[in-house]
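Chemist: Residue numbers (the numbering used here), protein chains in the order written: chain D, 1 to 323; chain L, 1001 to 1379.
Take this structure first; my questions come after.
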């Protein structure tokens, strides 16, 4: 029973840890499918986390915080769009710039506004998203097997967790079952064809980036308002890059993205749980190895040893109309 | 393919436009300072005085600049070949391992002028090897170099953390770093050069790596503009298709360019490790690799521009430290914002002001920007 409980707990923290990855990964999916590389997921999550926690603590409302997180994150996405769509700048350079501006400004503004060394004040109840207990979770908790699964794994998460997982089928539906999704995918593969059909490439790509901004904003809000009770400097700690890795690992598909993020979340959860204690057969695995594993797996995938990851064809190329 | 913009005179292209971009970046940074509730002009004065006001300040500025020259050159060499080496950070970090091995083995036996060349070789070889795998994957497997080098940054960080909290840490020590090097692995300071000009210096870490950086800048210039290899790299960077038709081996040129880039990134580690801290510590690179991107873009990928841009960023780092001291609301993270803005305006938005400047030039003398030629084609 102990082993079973340990597994449930690890899976529970897997879910918690994979939520920000999943949201950021789906965010990247929208922009990359539209042909815009986005290295700036990390930065947009970070400003989202800061704006969310700051607004929640000033206005005493979790939902205002979430709204502000989305707003600021979308604003940063628009900067990326302005540079890489309107001015046809290098998308990677622009993404790197956004990450820097995000990293610096969250610390400077946080320190100037709250004077807590770059932190925002600890969020009070009502200012953060609380866990939702499903009906009957307490009653069923002691039932073997089903009890812990229902009460710990499924119930007891905040609304953003459920939102994140609902975004997976929703994103699939948007991309593969709507006109907008068809056009979005087309603009990532062959923008000239979309242009010929009389649809604005720029506006379509901007809309894709708005989707990206909304999702990174929610991802950031999750970090600072659910996982942590406030903003801490550099709290994204490379999650944006892991999400990018997961996106490649998922071969730019929404459902695969969920599994990739769960896998990377599981690696993280397992690394925390094991904390250097020995595994059967393999022996002691360094924590650092577990942390590096998502990156190593992605490199191996990219090298073409686990299937082939083919990015959208027009990715990274600014669209220039024929003249 | 259509050329979006006609040619500007060289001085405008390489001087005026970067300066305008830089100016705009600073104006935006000024707004952030305003938002924090300080006076941006006073902040700028403190920054410049902190960097160049005293001999010690100048020495520190040049010390930081040394680091950024290496990383800037590293990014630039790859960029000339059309490759975005975002992995300078990781290549420099892992090169610390090579330096650690050399210094810990020889610092008690050899004098610095023998340890130093060994460490140069070790750092550049390790840096180059760390760039080799992403380069190979790009050349042979078509894996996007940006993604693989980002991944390699994280892998390098994990390896270094593992080694520095484990095998490389001396027994009984708590700090995650190697033991301090002995005199045989400490590089001599260069502060006397500044003292020749009559300035006084209290301990500053400016060391012989500065000279090495200048030599490397010269060698990179030689490589890119005066050798066959450099020509091939630029050809490939300009048009991979043309390079292929000209019989240039794609694999060879990508791998060579990335390894040179990695070697330059690796040499960056010499400056803080052997010149200043005298040990290899966790996160000793602290973002210098990313500053290299800003420096390379700002310097328009030319070694002279890179040295100037590196000094500018050295000034920001040193002056930023003084600024944080004078205005507590503005910590050193202000530089990170400025860095981001410079990358944004000098890199991603480099074409934003070009049409206006071009129109301005055209209104003075249409021929200088080739407007007639364009009209003649009926475009």
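Glycine residues also receive a C-beta, built at the ideal position from the N, C-alpha and C atoms.
As the structure is a computational prediction, the values presented were derived from the model and not from experiment.
Would you list the one or two residues that DSSP bridges to residue 1177/L?
Modeler: Residue 1177/L is bridged to 1281/L.
Chemist: Considering Cα atoms alone, identify which of 1281/L, 1138/L, 1131/L is closest to residue 1174/L.
Modeler: Considering only alpha carbons, the answer is 1281/L.
Chemist: According to DSSP, simplified to helix, strand and coil, what is residue 158/D?
Modeler: In this structure, residue 158/D counts as strand in the three-state DSSP scheme.
Chemist: Three Cβ pairs or more, each shorter than 8 Å: is that satisfied between the stretch 76-92 of chain D and the stretch 38-46 of chain D?
Modeler: A contact exists between the stretch 76-92 of chain D and the stretch 38-46 of chain D.
Chemist: Among residues of its own chain, excluding the 5 on either side of residue 54/D, which ones have a beta-carbon nearer than 6 Å to its beta-carbon?
Modeler: Only 120 meet the Cβ criterion.
Chemist: Residue 100/D: buried (16+ other C-beta within 10 angstroms of its C-beta) or exposed?
Modeler: When all chains shown are included, residue 100/D counts as buried.
Chemist: Which residues of chain L have a Cβ atom closer than 8 Å to the Cβ of residue 286/D, listed in chain order?
Modeler: Under the 8 Å cutoff, chain L gives 1162, 1166.
Chemist: Looking only at DSSP bridge pairs, what is residue 132/D linked to?
Modeler: In the DSSP output, where bridge partners are listed per residue, residue 132/D has 157/D.
Chemist: Three Cβ pairs or more, each shorter than 8 Å: is that satisfied between the stretch 1231-1251 of chain L and the stretch 1030-1047 of chain L?
Modeler: Taking 8 Å as the limit for Cβ pairs, the verdict is that the stretch 1030-1047 of chain L does not touch the stretch 1231-1251 of chain L.
Chemist: For a test of the three-state rule: what should DSSP assign to residue 1140/L, helix, strand or coil?
Modeler: Here residue 1140/L sits in helix by DSSP.
Chemist: Return the residue from the list 1347/L, 1201/L, 1341/L that minimises the CA-CA distance to residue 102/D.
Modeler: The shortest C-alpha separation from residue 102/D is found at 1341/L.
Chemist: When the distance is taken between beta carbons, is residue 1146/L closer than 7 Å to residue 1084/L?
Modeler: In this structure, residue 1146/L lies closer than 7 Å to residue 1084/L by Cβ.
Chemist: Of the residues 1288/L, 1332/L, 1032/L, 1235/L, which one's Cα is nearest the Cα of residue 1080/L?
Modeler: It is 1235/L whose Cα lies nearest to the Cα of residue 1080/L.
Chemist: Do you know how far the Cα of residue 1066/L is from the Cα of residue 1184/L?
Modeler: Rounded to whole angstroms, residue 1184/L to residue 1066/L spans 21 Å at the Cα level.
Chemist: Starting from residue 318/D, follow its DSSP beta bridges and name the residues at the other end.
Modeler: Looking at the DSSP assignment, residue 318/D forms no beta bridge with any residue, so it has no partner.
Chemist: Leaving aside the five residues before and after residue 1279/L along the sequence, list all residues of the same chain whose C-beta is less than 6 Å from its C-beta, in chain order.
Modeler: Excluding positions up to five away in sequence, the list reads 1177, 1178, 1180.
Chemist: Look at residue 1315/L and residue 1061/L and say whether their C-beta atoms are less than 7 Å apart.
Modeler: A contact, by the Cβ cut-off of 7 Å.
Chemist: So, with DSSP's three-state summary, where would you put residue 228/D?
Modeler: Coil at residue 228/D, not helix or strand.
Chemist: Residues of chain D with a CB under 7 Å from the CB of residue 1333/L: which are they?
Modeler: What residue 1333/L touches in chain D: 104, 107, 108.
Chemist: Would you mind sorting residue 284/D into buried or exposed? The rule is 16 or more other CB atoms within 10 Å of its CB.
Modeler: So residue 284/D ends up on the exposed side.
Chemist: In the DSSP assignment, what are the bridge partners of residue 1207/L?
Modeler: DSSP output for residue 1207/L lists 1189/L as bridge partner(s).
Chemist: Suppose contacts are defined by Cβ-Cβ distances below 7 Å. Is residue 164/D in contact with residue 22/D by that definition?
Modeler: Their beta carbons are under 7 Å apart, which means residue 164/D touches residue 22/D by this criterion.
Chemist: With respect to the alpha helix (DSSP H) encompassing residue 7/D, which residues constitute its N-terminal and C-terminal limits?
Modeler: Residues 2-33.
Chemist: Taking the alpha helix (DSSP H) that residue 183/D falls in, what are its first and last residues?
Modeler: It spans 179-189 - the alpha helix (DSSP H) in which residue 183/D sits, taken as one unbroken run.
Chemist: For a contact meaning CB atoms closer than 8 Å, what does residue 1351/L contact in chain D?
Modeler: Those within 8 Å of residue 1351/L in chain D are 87, 88, 89.
Chemist: To the nearest angstrom, report how far apart residue 1115/L and residue 1365/L are at their CA atoms.
Modeler: Approximately 58 Å between the Cα atoms of the pair.
Chemist: Put residue 125/D into one of helix, strand or coil per three-state DSSP.
Modeler: The answer is strand: DSSP assigns residue 125/D an E or B state.
Chemist: Just the Cα atoms here: how many angstroms apart are residue 272/D and residue 14/D?
Modeler: Cα to Cα, residue 272/D sits roughly 10 Å from residue 14/D.
Chemist: If you reduce the DSSP assignment to three classes, tell me which class residue 1350/L lands in.
Modeler: Residue 1350/L: coil per DSSP, three-state reduction.
Chemist: Whose CA, out of 3/D, 214/D, 153/D, lies closest to the CA of residue 140/D?
Modeler: Among 3/D, 214/D, 153/D, the Cα nearest to that of residue 140/D belongs to 153/D.
Chemist: Compute the Euclidean distance between the alpha carbons of residue 106/D and residue 117/D, then round it to the nearest angstrom.
Modeler: When rounded, the distance between both Cα atoms is 11 Å.
Chemist: When the distance is taken between beta carbons, is residue 1239/L closer than 7 Å to residue 1131/L?
Modeler: Cβ distance not < 7 Å, so residue 1131/L and residue 1239/L don't count as in contact.
Chemist: Please report the straight-line C-alpha distance between residue 1379/L and residue 1345/L, rounded to a whole angstrom.
Modeler: For residue 1379/L, the predicted structure reports a pLDDT of 38, less than 50, and the residue's modelled location is therefore unreliable. The matter cannot be settled from this model.
Chemist: Who are the neighbours of residue 1197/L on chain D, taking C-beta pairs under 8 Å?
Modeler: By Cβ distance, chain D contributes nothing, its closest Cβ being about 34 Å from residue 1197/L, past 8 Å.
Chemist: Find the nearest neighbour of residue 237/D within the set 1353/L, 1154/L, 1094/L, judged by alpha-carbon distance.
Modeler: Of the candidates 1353/L, 1154/L, 1094/L, the one whose C-alpha sits nearest the C-alpha of residue 237/D is 1154/L.
Chemist: Under 9 Å Cβ-Cβ, which residues of chain D neighbour residue 1194/L?
Modeler: By Cβ distance, chain D contributes nothing, its closest Cβ being about 30 Å from residue 1194/L, past 9 Å.
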